Amino acid sequence: MAHKIIFKPTFILNLKQQFTTTTTSQTHNISHCHFLHHPFFNIKIRPISLHSTTPITTTAAATANHGGYLDLTDDDLMRQCEMGTFKTSGPGGQHRNKRESAVRLKHLPTGIIAQAGEDRSQHMNRASAIKRLRSLIALKVRKTVDLDAYSPPRELLQILPPKSSIRGSDIGSQIGPNNPKFAMGMQALLDLIFAVDGSVSDAAKYLGLSTGALSRLILSDDSLRKEVNDLRASKRIRGIYWYSLWAQIQ
Amino acid sequence: MKLTLTNHNFSTLLNSSFINLTRPFCSLSLSSSLSSSTSIKPQVPIFLRPPIYSTKLNDLKKWHNWAKNIAFSIGSSFVQSDNGPDSTILCRELKWFIEDVVENHHSLFSQVGDDNEKVKMRADIEELYCLWKQRIEERKPFQYIVGCEHWKDLVLSVQEGVLIPRPETELIVDLVSDVVSKNEGLKRGVWADLGTGSGALAIGIGRVLGDGGKVIGSDLSPVAVAVAGYNVQRYSLQDKIELREGSWLEPLKDMEGKLAGLVSNPPYIPSKEIPVLQAEVGKHEPRVALDGGIDGMDALLHLCDGADLMLKPGGFFAFETNGEKQCRELVDYMKSNKSASLCNLEIFADFAGIQRFVIGFHR
C-alpha cells in the first residue's frame, strides 16, 4: 500500500516504505537539545522538509492506515512532535510577563506544523494544537485508493448523511465536524476524492449519495472544502461553493 | 470555570466570602506550623467571587470601549521602553478580564440585546475602571488584576507579594512526572519545593505522585505561604501537601537524607538587571523572588548544598535557572564540589529553546 503525503495537490511525495521501531529520541514529549538547532519560530508555514524522505517512525500495526498517525493517542502523537513556543528574543523565565503561551507543534514524520495561541494556558493551547494537528494530518496525508475494489472504510461511512444508500443501519448516527472522529472520516473521503481527480459527482457514486448531498458534506467543514477546492483548482475544475449549490437546488 | 469543591471547609469559606469579600480566611485549616501566616488574608480571585453585582449592558459596553481605547493608545510604547506588552496583548488581556468578571460572558456582545438589560458581574463597574487604570498606568501585572494565573491545567490564585508562575516552570512538573513514572519509590516518597510561592510546583507535583507521596512546600514569605495554602485547599491536596514558613532549608531540618525529590524555581536574576526589568515584573513582583544576588547564583548554590544534604540515595532534583551560562556554571559547580553526592547531571532547554533547567540524582 502506497503512503503519500501531499502538500499541494500537484506535489506528491512518496514516503519510503521503511518502518523502524520508535527511537528513544522521539519518545520524550519535552524539548531536546537538537531542538535548539531548529530555530523555526518565525516561519509561518515551513515547506516540506527532508523529514518526509527519511524513514517514517511508526509501529508495524499502525502502517495499514496513512502511517496510523490518527490512530495514536494524543500522548503518542505528541511524542512524534517537536514543541516550541514563540518567544523569539529575551531571556524569558522570571524576566518576562507577557503571557506568551502560544504553542507550535511540528510533527516530525510528516513535517506538518500546527499551532495554537488563543487560550490563557500553554496546557490548553497544547491540546488545541494537537487537535489542529490531527485535522491537518487528515487533510494532508494521502493514501492511494484502488477504485475497482473500493469499499469505503467505516470511519468514512460514519460521517456520511443517513440517506447514503451504502450506509448500513449498524453505522450509527452521523458524525459531524465537531466530533474528534470526523478527522479520520475526512481523511478517507479526501483519499477517494483525490482518486477520482476531484470529481464530486464520481465520488458521490462510490458513496451512494447524490452530488448535492456530498457537496453539502464537503461544505460542512471549512478546511475540507478548501482542500477539495484546491485540488479542483489544480485540475481546472470549478470549485464548490454554497451559492453554486444553491443554484443547483433552485 | 470548573471547580471541584469537595472540601467542606472550603465551601464554607466560599459562602462566607459571598457575604463579605474581605473576611479573613479563618476556616483555612493549614498545618500548625503556620501560626504567623494565619493573620494573612489571601485575596479571592475575581473569577471565584459571587456574581452579586448588576450593571446595565450599556454601562459595561461603555467601560469596554474606554478600556479598549486605552489599550490601543499604548501602541508599542511599552515594548519600546522595557519590552512590555503591546496593544494586541493588552486587548487579549481585556478579553480575559471580561471572561473572569462577567458571569455570562459568552453571549455578551454578540447578541443584539437591550442596552438596559442587566448583566451579572463578579466586580463592581467602578472597580473595573479602577483595575484597568492600574493595569495601564501602574503597569500592574494582569494576573494581579484578576488575582489568578492559568498554569498547566490549574488556575492558581496570585496576589501582590507572590511570584506569578511562569509557563517555563511547567516543564519541571513534566520532568518529575517522567522520573516518578519509572520509579515507584520516588513516586511514594516525600518531595520538597523550596520557595514555593503560589504553590504551583508543589501542587503540580502533588498531583503526579502516587499514594503515600507527599510534598513539603516552603517559603520565606508569609503571604506566599497563605496564598499557596489557599491554592492547595482549592485542589483538595491538603492531605498531600504541607506548607512550612521559612528560608530555604531551614524549615526542612527534620528531612535530612530523607527526601525523594527536591525542586525549586529560586530567584536567579542578577541584581544589576532588576532595575531594568519589564515594569510588570520589576515594579510589582516580589524582589525576594527574583533577585539572585550579584551573579544571580546565590540561591542556586545554596540549593546544591540542599540537594547534597536533603536527598536520600537515588533522590532526584530539578532547578530552574536564568538560562544558558547559569546552567553551565551550576553544573560545573556541582561537578567540582558535589561529585561525591550528585550525579547524572543534565541540562534541559525550555520550550523557547533556552537551556533552562539543571537536573540530576543523588548517588
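Going down the list, the protein sequences come from chains X and Z.
Here the first sequence is numbered in this note's numbering, starting from 1 and rising by one per residue.
Here the second sequence is numbered in this note's numbering, starting from 1001 and rising by one per residue.
We put the CB at the ideal spot given by N, CA and C, even for glycine.
The structure displayed is predicted, hence computed values, not measured ones.
Could you name the residues of chain Z that residue i contacts, counting a contact when the two beta carbons are closer than 7 Å?
i	result
N178(X)	Under the 7 Å cutoff, chain Z gives no residues; its nearest Cβ is about 16 Å from N178(X).
Q115(X)	The premise fails here: Q115(X) is roughly 12 Å from chain Z at the closest Cβ pair, so nothing lies under 7 Å.
M83(X)	F1351
Which term fits residue i, buried or exposed, when burial requires 16 or more other beta carbons within 10 angstroms of its beta carbon?
i	result
K98(X)	buried
A60(X)	Annotation note: pLDDT 32 at A60(X) (below 50); position unreliable, no value reported.
T73(X)	exposed
L1163(Z)	buried
S31(X)	Low per-residue confidence applies at S31(X): pLDDT is 36, beneath 50, and the placement is therefore not dependable enough to give any value.
S1339(Z)	exposed
E1117(Z)	exposed
V1281(Z)	buried
F1348(Z)	buried
D1193(Z)	buried
D222(X)	exposed
H107(X)	buried
R1356(Z)	buried
C1026(Z)	Because C1026(Z) carries a pLDDT of 37, less than 50, the predicted location of this residue cannot be relied on, and the following value inherits that uncertainty. With fewer than 16 other Cβ atoms within 10 Å, it is exposed.
R238(X)	exposed
D1153(Z)	exposed
D1219(Z)	buried
L1005(Z)	Note on L1005(Z): pLDDT 38, under 50, position unreliable in the model; the coordinate value appears next. So L1005(Z) counts as exposed.
P1390(Z)	The displayed coordinates of chain Z run from 1001 to 1363. Any statement about residue 1390(Z) would go beyond what the structure contains.
I45(X)	Legend: pLDDT at I45(X) = 27, less than 50; position of this residue unreliable, value from coordinates given subsequently. When all chains shown are included, I45(X) counts as exposed.
R236(X)	exposed
Between the Cα of residue i and those of the options, spot the shortest distance and give me the residue it belongs to.
i	options	result
S1087(Z)	D1174(Z), A1260(Z) and G1075(Z)	G1075(Z)
R120(X)	V1155(Z), A1200(Z) and D1059(Z)	V1155(Z)
Y1235(Z)	A1200(Z), G1306(Z) and L1175(Z)	A1200(Z)
L1090(Z)	N1116(Z), Q1134(Z), Y1053(Z) and L1108(Z)	Q1134(Z)
S1221(Z)	D1124(Z), S1198(Z), I1354(Z) and V1215(Z)	S1198(Z)
L1311(Z)	L1342(Z), V1101(Z) and W1151(Z)	L1342(Z)
V1173(Z)	S1157(Z), F1317(Z) and Y1144(Z)	F1317(Z)
R157(X)	G68(X), G172(X), K143(X) and L70(X)	Position check: residue 157(X) holds Leu in this sequence, whereas Arg was assumed. For the residues G68(X), G172(X), K143(X) and L70(X), the minimum Cα distance to L157(X) belongs to G172(X).
I1205(Z)	Q1355(Z), F1351(Z) and K1187(Z)	K1187(Z)
S1157(Z)	I1359(Z), L1108(Z), V1225(Z) and D1178(Z)	V1225(Z)
R1365(Z)	V1176(Z), A1067(Z), G1161(Z) and N1344(Z)	With chain Z represented from 1001 up to 1363, any question about residue 1365(Z) goes unanswered, as that position is not in the structure.
S1247(Z)	G1210(Z), G1257(Z) and A1289(Z)	A1289(Z)
Q1278(Z)	K1061(Z), P1085(Z) and P1050(Z)	P1085(Z)
P1165(Z)	Y150(X), H66(X) and G93(X)	G93(X)
D1059(Z)	F1047(Z), K1095(Z) and D1124(Z)	D1124(Z)
R154(X)	L139(X), R142(X) and D170(X)	D170(X)
L207(X)	S220(X), A188(X), R225(X) and N229(X)	A188(X)
T1169(Z)	G1323(Z), S1336(Z), F1047(Z) and E1329(Z)	G1323(Z)
K1335(Z)	H1362(Z), G1314(Z), G1315(Z) and A1352(Z)	H1362(Z)
F194(X)	L217(X), Q174(X), R232(X) and S220(X)	R232(X)
I want to verify the contact list: residues of chain X whose CB lies under 8 Å from the CB of residue i, in sequence order.
i	result
P1141(Z)	N97
E1168(Z)	G92 and G93
R1356(Z)	G92 and G93
D1153(Z)	S121, H123 and M124
V1281(Z)	Q94, H95, R96 and N97
W1096(Z)	R120
L1277(Z)	H95
Kindly list, in the order they appear in chain Z, the residues whose Cβ is closer than 8 Å to that of residue i.
i	result
S128(X)	In chain order: nothing, as chain Z lies at least about 13 Å away.
Interface residues of chain Z around residue i at Cβ under 9 Å?
i	result
S223(X)	Near S223(X) there are no residues of chain Z at all, since even the closest Cβ is about 24 Å away, more than 9 Å.
S210(X)	What S210(X) touches in chain Z: nothing, since even the nearest Cβ is about 35 Å away.
Q158(X)	Chain Z residues near Q158(X): none, gap ~30 Å exceeds 9 Å.
Output, in chain order, the set of chain X residues within a Cβ distance shorter than 7 Å of residue i.
i	result
F1078(Z)	Near F1078(Z) there are no residues of chain X at all, since even the closest Cβ is about 10 Å away, more than 7 Å.
A1164(Z)	Note that residue 1164(Z) is Ile in the sequence shown, not Ala. Residues of chain X passing the Cβ test: N97.
N1322(Z)	P91 and G93
W1248(Z)	Residues of chain X passing the Cβ test: none, with the nearest at roughly 17 Å.
For residue i, return the contacting residues in chain X, with the cut-off set at a CB-CB distance below 9 Å.
i	result
Y1268(Z)	G93 and Q94
H1150(Z)	R99, S101, D119, R120, S121, Q122, H123 and M124
L1290(Z)	Q94 and H95
Consider the C-beta atom of residue i and the heavy atoms of the ligand FAD; say whether any pair is separated by less than 7 Å.
i	result
P1050(Z)	Among the components of this structure there are no ligands whatsoever, and the ligand FAD is therefore not found.
Whole alpha helix (DSSP H) elements within the region 1191-1221 of chain Z, 4-residue minimum: Qualifying alpha helix (DSSP H) stretches, in chain order: 1200-1206.
Minimum length 4: unbroken alpha helix (DSSP H) runs contained in the region 1053-1123 of chain Z: Those alpha helix (DSSP H) runs which fall completely within the region 1053-1123 of chain Z and span 4+ residues are 1057-1074, 1077-1082 and 1087-1101.
Those runs of the beta strand (DSSP E) which lie wholly inside the region 141-192 of chain X and span at least 3 residues: 141-143, all fully within the region 141-192 of chain X.
The region 1290-1306 of chain Z in contact with the region 96-115 of chain X per 3-pair CB rule at 8 Å: The region 1290-1306 of chain Z is not in contact with the region 96-115 of chain X.
Cβ pair count under 8 Å reaching 3, the region 1115-1132 of chain Z against the region 1268-1276 of chain Z: With the cut-off at 8 Å, the region 1115-1132 of chain Z and the region 1268-1276 of chain Z do not touch.
The region 205-219 of chain X touching the region 161-169 of chain X, judged by at least three CB pairs closer than 8 Å: In this structure the region 205-219 of chain X touches the region 161-169 of chain X; the number of beta carbon pairs closer than 8 Å is three or more.
Contiguous beta strand (DSSP E) assignments of at least 3 residues, all confined to the region 72-129 of chain X: Runs of the beta strand (DSSP E) spanning 3 or more residues and lying entirely within the region 72-129 of chain X occur at 81-84, 103-107 and 112-116, in chain order.
Contact the region 1042-1060 of chain Z vs the region 1221-1231 of chain Z: 3+ CB pairs below 8 Å: Contact between the region 1042-1060 of chain Z and the region 1221-1231 of chain Z is present, because at least three Cβ pairs lie under 8 Å.
Every unbroken beta strand (DSSP E) within the region 1234-1303 of chain Z, with a cutoff of 3 residues, ordered by chain: DSSP runs (the beta strand (DSSP E)) wholly in the region 1234-1303 of chain Z: 1241-1245 and 1259-1264.
Contact the region 125-143 of chain X vs the region 177-196 of chain X: 3+ CB pairs below 8 Å: Between the region 125-143 of chain X and the region 177-196 of chain X, the count of Cβ pairs shorter than 8 Å is three or higher; the stretches touch.
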